[in-house]
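In the working numbering, the protein residues as written are 14 to 448. Every residue gets a Cβ at the ideal spot worked out from N, C-alpha and C, and that includes glycine. What you are looking at is a predicted structure, and each value in this text was computed from that prediction instead of being measured.
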Ligand code: AMP
């Protein structure tokens, strides 16, 4: 194994890495750094948590440190394009840590916050721009950013960028970059559209794959629990109360469900916070901070919002609902087991989710251990309704013939509330009557 000190980094960078406690390069760093230091284009398949940020940031810093920083005043030389604000902030933080004392100036550009401060930073001169496509294009259109002197272009989490519909934006940005440059392309997965984009923008790249056996990190122990949809809430509570957990990220498919899970956990006296696109930047940062420092042990997140969250000490990722796309599973569970630490990923799977589970298993090329959970009668029904949470009066046990299904109860309530014909069937009615 090769060491950081044998890779040709400056003393300042080596000192910074030492201060961060990085002793040896991760697999992706060991492969990518020597290639990038030669100036070659790179196509890297690596998931989050593999250390890919340092894999591209360190050679960039080394490259910029070789030249006088004043040369760059007002002229950005490196562009790092990312899908989300959180990832942009995360990368900016890493650049600051790894590049401390080098005099290299970096800034992050993303929407959701006022432009003025970003424009001021540009006026003062920057070497590295870390940006999401939307805000970058806005600033370019207004003439605040010119990309004609970019020497290194990084496209990070390319698969996620395409999932989020950024393809046209990426093309517009790439058009404005100089022909002569180094391009670094990272993606956790390589479906056809991502491979196509990489082909278009890379020039004779070296390809490295840090995921030879499986798309998921080996240090994550994964398992699946089959259960009814209605029982997921109590199953979550049981795991949070009984398993030895540190910080836990719970994933849902929708913001609405994220809010419901939070309500349920708070109701069960488990401190939890949500992290999704409805929150503004400040709220999201606050939620993340409170989670990082342990004020809330559970963070409930949706896929898009969760990209780029890099929090140490996440012992568990729980997929309350499986994602619609198999690739998102890999991104989600990459929030635990980071930098070689052990992590646990638990996926709840109800009957309707079995086809997506099959797709996930095919993607990760692993057989996962499974369990089945049979719930106890509780009152989770109201959490499962489609709309916002409404107060539901639980049926009186023993009085009705409604057995214990609170889900049925809430469904009936909704049917009546929405003004549909009152079911003429007996109280065990479970849906609309066939005509
Ligand atoms: P990334 O995949 O870039 O999001 O990095 C995941 C985590 O690994 C971050 O918390 C980094 O600080 C950490 N990390 C990256 N490289 C190393 C290394 N060589 N040694 C120890 N930790 C690292």
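Could you have a look at residue 228 and say whether DSSP puts it in helix, strand or coil? For residue 228, the pLDDT reaches just 48, beneath the cut-off of 50, and the residue's location in the model is therefore unreliable, leaving the point undetermined.
Looking at the secondary structure, which residues open and close the alpha helix (DSSP H) in which residue 206 lies? 205-214
Opening and closing residue of the beta strand (DSSP E) in which residue 147 lies: For residue 147, no beta strand (DSSP E) segment is defined; the enclosing uninterrupted segment is the alpha helix (DSSP H) at 146-154.
Once DSSP output is grouped into helix, strand and coil, what is the label at residue 117? coil
Neighbourhood of residue 189 by C-beta, 6 Å cutoff - its chain only, sequence neighbours within 5 removed: 160
Using a threshold of 7 Å, is the CB atom of residue 323 nearer than that to any non-hydrogen atom of the ligand AMP? yes
Exposure label - residue 295; buried when at least 16 CB within 10 Å: exposed
Among all the DSSP beta bridges, which residues are the ones paired with residue 167? 93 and 197
Tell me whether residue 209, by its Cβ, gets closer than 7 Å to a heavy atom of the ligand AMP. no
Checking 8 Å against the spacing of the C-beta atoms, do residue 156 and residue 182 come in under that value? no
Buried or exposed: where does residue 37 fall if 16 or more other Cβ atoms within 10 Å of its Cβ makes it buried? exposed
Kindly indicate which residue of 133, 201, 115 and 357 has the alpha-carbon position closest to the one of residue 234. 357
Alpha carbon to alpha carbon, how far is residue 42 from residue 64? 7 Å
CB residue 324 to CB residue 305, shorter than 8 Å? yes
Applying the criterion that 16 or more other CB atoms from any shown protein chain within 10 Å of the CB defines a buried residue, is residue 99 buried or exposed? buried
Say whether the segment 46-60 touches the segment 193-204, bearing in mind that this needs 3 or more beta-carbon pairs closer than 8 Å, one atom from each stretch. Yes: the two stretches touch, three or more of their Cβ pairs being nearer than 8 Å.
Range of the contiguous beta strand (DSSP E) that encloses residue 328: 327-332
Using DSSP with H/G/I as helix, E/B as strand and the rest coil, what is residue 23? coil
Using only the heavy atoms of the ligand AMP, determine whether one of them is closer than 7 Å to the beta carbon of residue 18. no
Going by the DSSP bridge assignment, what does residue 357 pair with across the sheet? The bridge partners DSSP lists for residue 357 are 234 and 329.
Name the one or two DSSP bridge partners that residue 219 has. Under DSSP, the beta-bridge partners assigned to residue 219 are 55.
Can you check which of these residues, 350, 364 and 343, is closest to residue 378 by C-alpha distance? 343
By DSSP, does residue 312 sit in helix, in strand, or in coil? strand
Count the other CB atoms, across all protein chains shown, that sit within 10 Å of the CB of residue 218; report buried if there are 16 or more and exposed otherwise. buried
Hey, which unbroken runs of the beta strand (DSSP E) at 3 residues or more fall wholly within the segment 232-311? 233-239, 260-264 and 285-288
Starting from residue 66, trace the alpha helix (DSSP H) both ways and give me its first and last residue. 65-79
Please classify residue 350: is it buried, with 16 or more other beta-carbons within 10 angstroms of its beta-carbon, or exposed? buried
Would you mind working out which of 107, 72 and 124 sits nearest residue 166, comparing C-alpha positions? 72
Rounded straight-line distance, which links the Cα of residue 196 to that of residue 88: 18 Å
Euclidean distance between Cα positions of residue 380 and residue 330: Looking at the two C-alpha atoms, the distance is approximately 18 Å.
Alpha carbon of residue 261 to alpha carbon of residue 312, nearest angstrom: 6 Å
Whole-number beta carbon distance between residue 70 and residue 102, since they are thought to touch under 8 Å: Between the beta-carbon of residue 102 and that of residue 70 there is about 14 Å, and that puts the pair past the 8 Å contact cut.
Quick one, which of 254, 16 and 124 has its alpha-carbon nearest residue 282's? 254
Determine whether the beta carbon atoms of residue 232 and residue 355 lie at a separation below 8 Å. yes
Is DSSP giving residue 17 helix, strand or coil here? Residue 17 falls in the helix class under three-state DSSP.
Does any heavy atom of the ligand AMP sit closer than 7 Å to the C-beta of residue 113? no
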